[in-house]
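Protein chains in written order, with the working numbering: chain A, 2 to 268; chain B, 3 to 784.
Printed below as a string of structure tokens:
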């Protein structure tokens, strides 16, 4: 690891201020991606600004169907939140399968979303749940937030404070893990918001990162039906290809996982 | 046997320190004046070193020295050698290229070390190594061994034309060809054995101390055989004479073969400590370096042809193998695809005609050497996939085809050197078939099919040769060393016992099992027995631990030494008790005269040996005996493994539903430790079959260079294993032991692949059977 300066932000504006003052700063939440990258000397931020001690940053609030998850909430906290489990068990289940127990007790939803790893799980959920990303500057709809592999709409001194969404009528996440890393090779989140509004978010597979599967949504026409997806063709040309999965294999996985998620959401 | 004697499930004494974090591994050792080494490694698979610029790096904080390969060879440090001479079939010796511990002119694989930085802290050494500016002329690399043999392929070493190290054969080619030509049925296969990265939990490490006043070196290192390390460092690499070099292999966290070899880093740390004028230099591999530079395993491509007569008896077996040895010849690399491989191609079967041709090839990849099983997994995979495939082609039950061809009379001389001494292959097969409920498979298959899953069952009847090895025999085959073992049993005046052994424990539990021999013999509790190993200053000599040899060879040496101790103790006791030596019995810590109430406590006899007050006329005081044991033959563990899988046709995911292992390891000292060895071996073998794969891209970059991309088997990938043993004692050693350390890794891969090919309905599938590969195979079969 190269030398870096560590500081702890008191609040969101302090964090932004510290970021502006830094030469090449990074916000540090759980550090589950950033720190290993730094240890391998692949990243060398001049400053690490720890945002985990900001008051209320890890709060999870559920009021009827309205959900707010603080950016600093760990995967373990999301996975085990009793009220959240009642209104939106699918996101709890998703969180419970991220990494291993150590990762789940350090890694945060804000860090995962801000990093936008193309194989991360949360981005698919944010798209399907039509979540809003709340930053220190503004509110951004998930679909506008994720702009490509490891790319988001966040400005340099912009920091995620929370995500909010309305719990869907039903939802489910189906993930096919990479055999080595156990990141998603294809992860599909399906959320039925009622009134014929079903959204499908896909992670892990596309070379553009997370995306919304409009064709699958259209094929279902507002009704959760895995058979309705039989005719959908996943474009191989848009898929990632590596030693674990060719584009053709990933395209297959997206469809298989989508069908499984739809079946699970349909109960 | 007593509660702690032979056959008892004694809990592992060493585990207290291991599981409480009190183990002392090489990197745990810290000494005064300790500096750190960081290696400058090639990012290219093949390049000429034009210039190494150390100007900036040498000015950096904490740096005390930066050295390169020309300085190393200039100081007379010898090239790294391969210690087993193989001759090609035309009689010429193998074509070994030069391997300097630091590259001098060319780099030949990604990770090849070109320079070393010695600095006061690890961080300073790493930073300065990064600042060393090496100017390379990048050359075209070759990764695929078949392409490496082509005329226009890049040449790695001037000594090896077309990158061929040797072109070797075993068996009678003409007779085998004729037998196959006359066969009623012929089965042909092309089989690839995937390259593996060993991944011991503890990475390699070296701590070299130099005492300038005494001109003496001490090396703490992660070695499976510290005496061999000292011998090679001294005799071949000219680091220091043996009497000026002490090698200590303290607690070592797994080896699987990869810690047999003497690597560049150990040589460089010793040399650099003296050259930099510091008291000590430490280097510990990080995980990335381990992936790049630990000797890899396997990597064979073979064409195999087997002929059967009209009664389904095998008439001939012909194999043509190309083995990728990587960029340099590691210490035992030449023996793995020859005498540890082709000599096992007869499997458990009576085959009169076998011929195998092996070409080994240099490529721009990490060196390849022995890895758990070493040659025998490659042979077993070939034979057992062939048997299963043949059964399907011939339309007979795979179990029956095997049974019809089993060797049933012993000793059995194969046409490929090995003479099997004892075994009962039918007994293992019966035990495995019963344990797996072979007859009930069809019912289970139908149940899976109802869920949309493909169920398959596959078998593997392995045989291996371990307990290496008779020294004269291996010497005649080209080995540079003898493969005996030594032991010393020291009885203290108070009756406690120290066993000094040349075997080395790096996970095997020697501190427990070796003590059981003493408990069994004298009835002493295990806390009165200490096993000492891994230090060339304490143990006189030893050949170390690999090839499942510590039981059959190492314990046999202890047994011989115990015979001598027992004989002397009886003489002393007879004298003290005024009885005849033949009437003395040692049992439960007491030494008595048979049929009388005359007795002494064990420690009274021991004390008597050391006071010397009342010894037989002319007897030397003391109770300490040593022995060297040289085996008379290899030992031949064998068994039957059956795997049952369920494959998801939508994703290609394989789930192992059942795995049954029925092994014959001969006499067993500690069944619990043996089961542990089988479990670990099965995990590694299943890892090879389903997951593990070292992949280089065209340019020679290792794509699977971390756990993000190299799939290790995890507990939740594996079923609860059903393991059992049958026993035919090994006639070749005093304890009847065959060895169990590698069997699981040797026997399991073909069982897994045979099960999957059974499930998907065709035989065209390569390891690893990853979800992607199985899915693609299902698609290809549709």
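Note that beta-carbon positions come from the ideal geometry of N, C-alpha and C, so glycine has one too.
None of the values given here were measured: they were computed from a predicted structure.
Between the CA atoms of residue j and residue i - distance to the nearest angstrom
i: residue 559 of chain B; j: residue 336 of chain B; result: 28 Å
i: residue 195 of chain A; j: residue 169 of chain A; result: 7 Å
i: residue 305 of chain A; j: residue 390 of chain B; result: Residue 305 of chain A falls outside the range modelled here, since chain A spans only 2 to 268, and no answer is possible.
i: residue 630 of chain B; j: residue 388 of chain B; result: 41 Å
i: residue 113 of chain A; j: residue 31 of chain A; result: 9 Å
i: residue 3 of chain B; j: residue 9 of chain B; result: Unreliable positioning characterises residue 3 of chain B in this predicted model, as indicated by a pLDDT of 48, which lies under 50. The coordinate reading is nonetheless provided below. If I take the Cα positions, the gap works out to 7 Å.
i: residue 785 of chain B; j: residue 297 of chain B; result: No information on residue 785 of chain B is available, as it lies outside the stretch 3 to 784 that chain B covers here.
i: residue 714 of chain B; j: residue 101 of chain A; result: 15 Å
i: residue 243 of chain A; j: residue 439 of chain B; result: 40 Å
i: residue 783 of chain B; j: residue 292 of chain B; result: 38 Å
i: residue 772 of chain B; j: residue 457 of chain B; result: 16 Å
Closer than 8 Å to chain B by CB, residue i
i: residue 225 of chain A; result: no
i: residue 134 of chain A; result: no
i: residue 254 of chain A; result: yes
i: residue 235 of chain A; result: no
i: residue 180 of chain A; result: yes
i: residue 250 of chain A; result: yes
i: residue 94 of chain A; result: no
i: residue 247 of chain A; result: yes
i: residue 166 of chain A; result: no
i: residue 70 of chain A; result: no
i: residue 177 of chain A; result: yes
For residue i, the three-state DSSP class (helix, strand or coil)
i: residue 114 of chain B; result: coil
i: residue 269 of chain A; result: Given a span of 2 to 268 for chain A in the structure shown, any question on residue 269 of chain A remains unanswerable.
i: residue 615 of chain B; result: coil
i: residue 3 of chain B; result: Here residue 3 of chain B scores only 48 on pLDDT, less than 50, and its place in the model is too uncertain to base an answer on.
i: residue 695 of chain B; result: coil
i: residue 488 of chain B; result: strand
i: residue 270 of chain B; result: helix
i: residue 18 of chain A; result: helix
i: residue 383 of chain B; result: helix
i: residue 532 of chain B; result: strand
i: residue 46 of chain B; result: coil
i: residue 412 of chain B; result: coil
i: residue 711 of chain B; result: coil
i: residue 780 of chain B; result: helix
Proximity to residue i [Cα-Cα], best of the options
i: residue 222 of chain A; options: A:193, A:248, A:8, A:211; result: A:193
i: residue 498 of chain B; options: B:509, B:478, B:516, B:520; result: B:520
i: residue 23 of chain B; options: B:67, B:702, B:255, B:45; result: B:255
i: residue 287 of chain B; options: B:427, B:767, B:301, B:204; result: B:204
i: residue 338 of chain B; options: B:349, B:364, B:370; result: B:370
i: residue 147 of chain B; options: B:334, B:603, B:303; result: B:303
i: residue 295 of chain B; options: B:206, B:381, B:578; result: B:206
i: residue 485 of chain B; options: B:634, B:494, B:435; result: B:634
i: residue 374 of chain B; options: B:713, B:29, B:458, B:685; result: B:685
i: residue 231 of chain A; options: A:56, A:238, A:264; result: A:264
i: residue 116 of chain B; options: B:432, B:160, B:512, B:131; result: B:131
i: residue 139 of chain B; options: B:47, B:716, B:610; result: B:47
i: residue 733 of chain B; options: B:213, B:425, B:264; result: B:425
i: residue 399 of chain B; options: B:760, B:589, B:778, B:31; result: B:760
Residue-level contact to chain A via CB, residue i, 8 Å cutoff
i: residue 693 of chain B; result: yes
i: residue 3 of chain B; result: Since pLDDT at residue 3 of chain B reaches only 48, below the 50 mark, its modelled position is unreliable, and no value is offered.
i: residue 724 of chain B; result: no
i: residue 777 of chain B; result: yes
i: residue 635 of chain B; result: no
i: residue 656 of chain B; result: no
i: residue 652 of chain B; result: yes
Chain A contacts from the stretch 685 to 713 of chain B (Cβ-Cβ distance under 7 Å): 693, 697, 705, 706, 709, 710, 711, 712, 713
Quick one: which residues of the stretch 758 to 774 of chain B get their C-beta closer than 7 Å to a C-beta of chain A? List them in chain order. 772, 773, 774
Would you list, in chain order, the members of the stretch 87 to 113 of chain A that have their beta-carbon closer than 9 Å to a beta-carbon of chain B? none
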